[in-house]
Amino acid sequence: MKALVFPGQGSQFVGMGKELYDSRKDIKDLMESANEILGFDILSMMFSGTDEDLKKTEVTQPSIFIHSVAALKAVNGLGAEMVAGHSLGEFSALVANGVLSFDDGLKLVSERAKAMQEACDANPSSMAAILGLEDAKVEEICAQISGIVVPANYNCPGQLVISGETLAVEEACVKLKEAGAKRALLLPVNGAFHSPLMQPAQERLAAAIEKTKFRKATIPVYQNITTTAVTNPDEIKQNLIAQLTGPVKWTQSVQNMIKDGASNFVEVGPGKTLQGLIKKIDGSVESTSAI
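UniProt numbering applies: residue 1 is where the sequence shown begins, and numbers increase by one.
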């Protein structure tokens with residue numbers, strides 16, 4: 001069975017989407033509509049902006065979504081039987097399985113990005129990648145730290161990202177290295193995504209989601225929070241909202257997709273990050289790029 005997977009924040013690069021834009025008129029029209037929906041020229045930032053432009057959350061997230069949906073249109077869905085997305089990528093996945101329109105998805109992604117940036121600005125917070133330690137040990141040590149620090153991204157075995165208040169994250173990094181982590185790397189982000197510190201953003205996103213039309217899925221989405229197949233639009237809404245303060249369980253989602261028959265994963269969007277993670281989760285399955 002074929003599964004489409006969609007990347008999240010961090011996969012952006014200057015020039016992203018330009019080849020897709022130049023390839024077909026229908027893709028060009030789709031991408032140009034993004035400027036009107038957002039009210040600013042995001043395409044110029046994608047095609048010829050600076051790294052600094054693209055690192056701004058309110059630019060990064062819509063850019064990756066636009067690129068991913070344009071790539072999806074270029075390959076006409078590839079006859080997939082299930083979809084999943086890493087954090088932000090879940091919105092692209094919901095366009096792929098018919099739950100969201102491109103317009104509605106982009107509006108939600110933009111609102112999510114602005115809300116997350118506001119939450120980041122309100123609290124000094126950060127994230128760190130922990131390499132070479134079992135998930136259970138990371139969870140145990142985070143629970144012992146005074147202050148907010150939680151597992152945020154279960155990316156693959158031996159790679160877990162933690163998130164929370166800056167001092168708590170720094171203290172956790174010291175203790176995790178003492179416990180045997182090969183590396184504990186502070187990430188170049190200015191916020192604690194997928195932690196309780198995103199509560200204000202969650203409330204704002206929930207209000208936007210409740211006003212948006214969600215259709216029944218044509219194929220299941222394996223959501224970050226549940227890690228299992230979901231098609232019911234009301235469940236999908238609640239899981240999207242919960243995702244902002246809960247962890248991205250990517251390892252578990254991919255494992256469940258494989259258990260349910262996925263043998264060929266196709267990454268749709270910028271970069272190859274998810275292919276690398278999937279190979280580490282289960283080297284027996286095929287993982288490729290859509291374009």
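The beta carbon of each residue, even a glycine, is placed where N, CA and C say it ideally should be.
{"Query": "Report the rounded CA-to-CA distance for residue 377 versus D29, giving the unit in angstroms.", "Result": "With the chain running from 1 to 291 in the structure shown, residue 377 is simply not present."}
{"Query": "Give me, in chain order, the residues of the same chain whose beta-carbon lies closer than 7 Å to that of T226; leave out the 5 immediate sequence neighbours on both sides.", "Result": "N239"}
{"Query": "Output yes or no for whether 8 Å exceeds the beta carbon distance between A113 and Q159.", "Result": "no"}
{"Query": "In terms of DSSP beta bridges, what is G269 paired with?", "Result": "Answer is none; G269 lacks a bridge partner."}
{"Query": "Alpha carbons only, please: which of T212, V169, A206 and K175 is nearest the one belonging to V189?", "Result": "V169"}
{"Query": "Tell me which residue opens and which closes the beta strand (DSSP E) that F6 is part of.", "Result": "K2 to F6"}
{"Query": "Following the continuous beta strand (DSSP E) through S44, name the residue where it begins and the one where it ends.", "Result": "Unbroken run through S44 is the alpha helix (DSSP H), I42 to S48; no beta strand (DSSP E)."}
{"Query": "May I have the straight-line CA-CA distance separating K182 from L133, to the nearest angstrom?", "Result": "7 Å"}
{"Query": "Nearest-angstrom Cα distance between E111 and K249?", "Result": "23 Å"}
{"Query": "What does the alpha-carbon distance come out to for the pair K280 and Q144?", "Result": "29 Å"}
{"Query": "Based on Cα-Cα distance, which residue from M45, G10, K107 and L244 lies nearest to I37?", "Result": "K107"}
{"Query": "Decide if K73 is buried, meaning its Cβ has at least 16 other Cβ atoms within 10 Å, or exposed.", "Result": "buried"}
{"Query": "Using the three-state DSSP reduction, which class does G85 fall into: helix, strand or coil?", "Result": "strand"}
{"Query": "Excluding five sequence neighbours on each side, which residues of the same chain lie with their C-beta closer than 6 Å to the C-beta of Q223?", "Result": "V230 and N239"}
{"Query": "Looking only at its own chain, which residues have a Cβ that is under 8 Å from the Cβ of T212, when we skip the five neighbours before and after it?", "Result": "L100, D104, K107 and L108"}
{"Query": "Indicate the three-state DSSP secondary structure (helix, strand or coil) for S125 in the structure shown.", "Result": "strand"}
{"Query": "What is the DSSP secondary structure of V189, reduced to helix, strand or coil?", "Result": "coil"}
{"Query": "Taking the alpha-carbon positions, what's the Q117 to P124 distance?", "Result": "12 Å"}
{"Query": "Roughly how many whole angstroms lie between the Cα atoms of K18 and F47?", "Result": "6 Å"}
{"Query": "On the CB-based measure, 16 or more other CB atoms within 10 Å of its CB, does G49 come out buried or exposed?", "Result": "buried"}
{"Query": "Within 10 Å of its beta-carbon, does N155 have 16 or more other beta-carbons around it, so buried, or fewer, so exposed?", "Result": "buried"}
{"Query": "In or out: T245 buried (at least 16 other Cβ within 10 Å) or exposed?", "Result": "buried"}
{"Query": "Would DSSP call Q144 helix, strand or coil?", "Result": "helix"}
{"Query": "Is it buried or exposed for N232, if we count other Cβ within 10 angstroms and need 16 for buried?", "Result": "exposed"}
{"Query": "By the 10 Å Cβ neighbour count, where 16 or more other Cβ atoms means buried, how is A70 classified, buried or exposed?", "Result": "buried"}
{"Query": "What are the start and end residues of the alpha helix (DSSP H) that includes V75?", "Result": "T57 to V75"}
{"Query": "Can you name the start and end residues of the alpha helix (DSSP H) that V169 belongs to?", "Result": "T166 to E178"}
{"Query": "Mind checking who Y222 pairs with in its DSSP beta bridge?", "Result": "A229"}
{"Query": "Near S284, what residues of its chain come up, given a Cβ to Cβ distance below 7 Å and the 5 sequence neighbours on each side ignored?", "Result": "none"}
{"Query": "Look at the Cβ atom of G269, then the Cβ atom of S68, and state whether they are nearer than 8 Å.", "Result": "yes"}
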